[in-house]
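Chemist: FYI, the numbering for the sequence shown is 727 to 807, going by the working numbering.
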Amino acid sequence: PGQTIYVGNVAWSADEIALEEVFGRYGNIKRINQPKDAETGRSTGVAFIEFEDLEAAQKAFRAANGRGIRVDGRPVRVDFA
Numbered sequence: 727p728g729q730t731i732y733v734g735n736v737a738w739s740a741d742e743i744a745l746e747e748v749f750g751r752y753g754n755i756k757r758i759n760q761p762k763d764a765e766t767g768r769s770t771g772v773a774f775i776e777f778e779d780l781e782a783a784q785k786a787f788r789a790a791n792g793r794g795i796r797v798d799g800r801p802v803r804v805d806f807a
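(1) Where does I755 land, buried or exposed, given buried means 16+ other C-beta within 10 angstroms?
(2) Check whether the region 738-746 and the region 779-795 touch, using three or more Cβ-Cβ pairs below 8 Å as the test.
(3) Between the alpha carbons of A783 and S769, how many angstroms are there, rounded?
(4) Excluding sequence positions up to five away, which residues of its chain have a Cβ less than 8 Å from the Cβ of T730?
(5) Who does R757 pair with in a DSSP beta bridge?
(6) Classify A786: buried if its beta carbon has 16 or more other beta carbons within 10 angstroms, exposed otherwise.
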């Protein structure tokens, strides 16, 4: 696994700030990519978060697959990208 995680089931209302607030507790974030639908401009419900180091990505992965992580009140799925 690398330093980038895939986050699925992201609420349409969740923006990069919300993602950074939640995932920033696991380590420094280098970049967040939250693809948008080309026609509607709305979030596609997924995000890719690149951490500055592998350890932070692993912490986020373990937390999500242990007790779970919520963004904007919605549980998200996390895997390595």
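Just so you know, even glycine gets a beta-carbon here, dropped at the ideal spot from N, CA and C.
Modeler: Short version:
(1) I755 is buried by the Cβ-count criterion.
(2) Contact check between the region 738-746 and the region 779-795: fewer than three CB pairs, one atom from each, fall below 8 Å, which does not count as touching.
(3) The straight-line gap separating the alpha-carbon atoms of A783 and S769 is approximately 22 Å.
(4) By the criterion of a C-beta distance shorter than 8 Å, T730 is surrounded in its chain by F774, I775, E776, F777, A783, F806, A807, once the five residues flanking it on both sides are discounted.
(5) Per DSSP, E776.
(6) Buried.
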